[in-house]
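Comments concern the structure below.
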Amino acid sequence: MATRDEMAASFGSAAKEYEAGRPTYPAAAVRWLLAPIGPRPRVADVGAGTGKLTAALVDAGADVIAVEPDAAMLATLRETLPAVDTLIGSAERMNLPDESVDAVAFGQAWHWVDVAAASVEVGRVLKPGGVLGLVWNIRDETTPWVARLGAIMKGSHAEEMLAGAGPTVAAPFGTLERRTWRWSRRLTRSELAAMVRSRSYVITAASSERDRILAEVDELFAASCHPVEDGVDVVDLPYRTEVFRSIRG
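UniProt numbering numbers the first residue of the sequence shown as 1 and each following residue consecutively.
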């Protein structure tokens, strides 16, 4: 089994699958994250990946700079969001000036960081009163077929963290406010397979293990899907979007 660091660095090899398979974020959740700051905020989306949260921030009226350590992920983001500024960097070293942004957001990313070092770096680049926002889309496994899907794919670091005590932050941040949104995403067979192939455990698995996972997911889709008006089979995958925010004093 791959190490945590190997998993964290694996996503660029599956950038196209990540873009095709991963969900966006509810507009209301993004608005709540940005609510403590004024209109047209300057936001750093750190660990931006292929730009799923970036796009939602842009739609919410933010001026976004996408910060991402993986060049392959950032290249896919530039294809889909060519107007967004991009920068190679990480949570622990953003390569941004002091007090240069109104918010720093992490979508599906904070569970990979060094919390103490990342908190200091976020505090450095945020303006006073700025927002640290942490966001995760988590499949709602209270639905039986979704629980089976999770068992096939194995749990992620984020899912384990959110099932426990939740994320932590360090100085200069204190209490995290939390809100949850529940929603559903409609997926075709190929979109569900892309989502599965974009997960770090699957990316780094041995080929035999990857083949087993994909075959079992395909069987699960066949047993759980329903047709829509154009005759295409789909599943409706329920999600919880968990959002946390903290204000820099």
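Ideal Cβ positions, reconstructed from N, Cα and C, are used throughout, including at glycine.
Residue nearest to residue i in terms of C-alpha spacing, selected from the options
| i | options | result |
| --- | --- | --- |
| R199 | N95, T142, L134, A158 | A158 |
| V217 | Y239, T188, V232 | T188 |
| A215 | S190, L134, A9, G155 | S190 |
| V58 | S90, A103, P69 | A103 |
| G107 | D230, E160, K154, T50 | T50 |
| R210 | C225, A222, A194 | A194 |
| T175 | L34, L126, K154, F244 | F244 |
| F11 | W112, P97, R124, V120 | W112 |
| T80 | R148, T180, A55, D63 | A55 |
| W110 | A60, R31, S156, E99 | S156 |
| I37 | T24, E19, A60 | A60 |
Host beta strand (DSSP E) of residue i (start-end)
| i | result |
| --- | --- |
| P128 | 126–139 |
| E216 | From DSSP, E216 is part of no beta strand (DSSP E) but of the alpha helix (DSSP H) over 207–224. |
| S246 | 233–247 |
| A44 | 42–46 |
| residue 276 | The chain is shown only over 1 to 249; residue 276 falls outside these bounds and no answer can be derived. |
Element boundaries [alpha helix (DSSP H), containing residue i]
| i | result |
| --- | --- |
| V30 | 27–34 |
| L149 | 144–153 |
| S190 | 189–197 |
| V58 | 52–59 |
Distance CB(residue i)-CB(residue j) smaller than 9 Å
| i | j | result |
| --- | --- | --- |
| T241 | W183 | yes |
| M94 | V131 | no |
| K52 | R78 | no |
| P167 | R248 | no |
| A170 | V120 | yes |
| E26 | L34 | This sequence places Pro at residue 26; Glu is not what is there. Cβ atoms of P26 and L34: not closer than 9 Å. |
Proximity test, Cβ basis, 9 Å: residue i and chain D
| i | result |
| --- | --- |
| P144 | Absent from the structure is chain D; it holds one protein chain and no more. |
Rounded Cβ spacing between residue i and residue j (contact assumed at less than 8 Å)
| i | j | result |
| --- | --- | --- |
| residue 263 | M161 | Past the boundaries of the shown model lies residue 263; the chain is included only from 1 to 249, so the question cannot be answered. |
| D114 | E92 | 6 Å |
Taking contact to mean 3 or more Cβ pairs, one atom from each stretch, closer than 8 Å, check whether the stretch 199–211 and the stretch 2–18 are in contact. yes
Measuring CB atoms only, is the stretch 58–78 touching the stretch 6–24, in the sense that at least three cross pairs come out at less than 8 Å? yes
Three Cβ pairs or more, each shorter than 8 Å: is that satisfied between the stretch 122–137 and the stretch 220–238? Flag = no, the stretch 122–137 and the stretch 220–238 do not touch.
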